[in-house]
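Residue numbers (the working numbering), protein chains in the order written: chain S, 105 to 360; chain U, 113 to 217.
Heads up, the beta-carbon is just placed ideally off N, CA and C, and yes, glycines get one too.
Note that the coordinates shown come from a computational prediction; the quantities given were computed from them, not determined experimentally.
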């Protein structure tokens, strides 16, 4: 049997340099892995902002109906006219965007020679081949969501309007914390935009009866689209530069 | 071979190029040859040679497939490789922090 262990010694400077280089390579790999699935992360951020935007649009409709003549509250008559269509339209555009963006990502990965797959993604792929586990996970999620929904319905009946709005705000806050954690881990400014957008989309809910700042929710959707495009573009630029370098190496080898 | 020696470093991983490859693969489920090339900055020949050594040691799994009329080589760290790497890192930390002691359980 070959002895694969070397005796203990104090690390040499070149060994420390090698360790440092490996850490830099790992850091670079971690960042590029995240950039490669920018569209996926962007769609998560979009879903969070969309939920808040839908909430804002639906509340604008009901808030306008409740505004009495002569009150100093803002008029949301536009929301009463087009609100439901707008809510449905945004939802439709989101699902269409989700479908086309994921399809593009799949095709891009298939046609690209530079590929990287996250460990969670690989585990998810394995789970598909084990249907019992996949069904158990889906059932678990369904039970959790059902219990959560019933719990919130029961709680909302006994809560004031302010308490309901604040409790709904927990969702965007948790999302913001998640994206800030991602920013700290991977140092992509796009994650800060996602975090800000998650909060921004919900802000109009706090001012719905006083000021009409519903445009902030729509601004947040635009910001998420821009940040997603920027994150994915990082990956595209990097892979193109690699492919170009590879092609140049091929030419050099052919010449020599 | 004293596998339980807390400060003996695994020579398969200890080499600079292989350490970089394993560090990159530890961050991913699987990665293509070009991805590792781009992140580690190694040359093609270097990467092929060292990846082959890692495959021979059973630390890395190699998968070759033809995609779009091009050969795509993918690598992933095996469970053995992942354990070896985490052990290697723990040994390094002990070595550099100057506590060359056997851990007490």
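Point to revise | Contacts of residue 350 of chain S in chain U (Cβ-Cβ under 7 Å) | key: 146
Point to revise | Whole alpha helix (DSSP H) elements within the segment 252-286 of chain S, 4-residue minimum | key: As for any alpha helix (DSSP H) of minimum length 4 sitting wholly inside the segment 252-286 of chain S, the runs are 265-272, ordered along the chain.
Check your understanding: Helix, strand or coil: which one does DSSP assign to residue 122 of chain U?
Key -> strand
Review point. Quick one: which chain U residues come within Cβ less than 9 Å of residue 316 of chain S?
Key: Near residue 316 of chain S there are no residues of chain U at all, since even the closest Cβ is about 47 Å away, more than 9 Å.
Exercise for review: Take residue 197 of chain S as the anchor and find which of S:164, S:247, S:151 has the nearest alpha-carbon.
Suggested key: S:151
Practice item. State yes or no: is the C-beta of residue 137 of chain U within less than 8 Å of the C-beta of residue 188 of chain U? Key: Their beta carbons are under 8 Å apart, which means residue 137 of chain U touches residue 188 of chain U by this criterion.
Practice item. Establish whether the CB of residue 134 of chain S and some CB of chain C are separated by less than 8 Å. Key: The structure shown contains no chain C; its protein chains are S and U.
**Study point:** Range covered by the beta strand (DSSP E) that runs through residue 188 of chain U
**Key:** 182-189
Check your understanding: With a cut-off of 8 Å, do at least 3 Cβ pairs link the segment 350-357 of chain S to the segment 149-164 of chain S?
Key -> no
Review point. Name the chain U residues that come within less than 8 Å of residue 223 of chain S, Cβ to Cβ?
Key: 140, 141
Review point. Does the beta-carbon of residue 134 of chain S have 16 or more other beta-carbons within 10 angstroms, so that it is buried, or is it exposed?
Key: By the neighbour-count criterion, in which 16 or more other beta carbons inside 10 Å mark a residue as buried, residue 134 of chain S falls on the buried side.
Point to revise | Cα-Cα separation, residue 317 of chain S to residue 157 of chain U | key: 59 Å
Exercise for review: Starting from the beta carbon of residue 135 of chain U, find every residue of chain S whose beta carbon is closer than 8 Å, and list them in chain order.
Suggested key: Listed along the chain, the chain S residues whose CB falls inside 8 Å of the CB of residue 135 of chain U are 126, 127, 129, 130, 133.
Point to revise | Cα-Cα separation, residue 138 of chain S to residue 252 of chain S | key: 30 Å
**Study point:** Nonlocal neighbours in the same chain, by C-beta distance under 8 Å from residue 141 of chain U, ignoring five residues either side
**Key:** 188
Review point. Going by other Cβ atoms of all chains shown within 10 Å of its Cβ, with 16 needed for buried, is residue 266 of chain S buried or exposed?
Key: Under this definition residue 266 of chain S is an exposed residue.
Practice item. For residue 205 of chain S, collect the residues of the same chain with a Cβ closer than 7 Å to its Cβ; drop the 5 residues on either side in sequence, then sort them by chain order. Key: 143, 147
Exercise for review: Throw me the rounded Cβ distance for the residue 185 of chain U and residue 145 of chain U pair, which I believe falls under 8 Å.
Suggested key: 4 Å
Check your understanding: In terms of alpha-carbon separation, which member of S:191, S:140, S:131 lies closest to residue 160 of chain S?
Key -> S:191
Exercise for review: Compile a chain-ordered list of the residues in the segment 322-347 of chain S whose CB is closer than 9 Å to at least one CB of chain U.
Suggested key: 342, 343, 345, 346, 347
Point to revise | Length of the line joining the Cα atoms of residue 166 of chain U and residue 297 of chain S | key: 40 Å
Exercise for review: Can you say whether residue 295 of chain S is buried or exposed, counting buried as having 16 or more other CB atoms within 10 angstroms of its CB?
Suggested key: buried
Practice item. Pull up the DSSP beta-bridge partners for residue 143 of chain U, would you. Key: S:220, U:187
Review point. Which chain U residues sit within Cβ distance under 7 Å of residue 137 of chain S?
Key: Near residue 137 of chain S (Cβ distances below 7 Å), the residues of chain U are 139, 140.
Review point. Taking 7 Å as the cut-off, is the CB of residue 314 of chain S close to at least one heavy atom of the ligand MN?
Key: By its list of ligands, the structure shown contains no ligand whatsoever, and the ligand MN lies outside what it can speak to.
Point to revise | residue 178 of chain U in three-state terms, based on DSSP | key: Looking at residue 178 of chain U - three-state DSSP - the assignment turns out to be strand.
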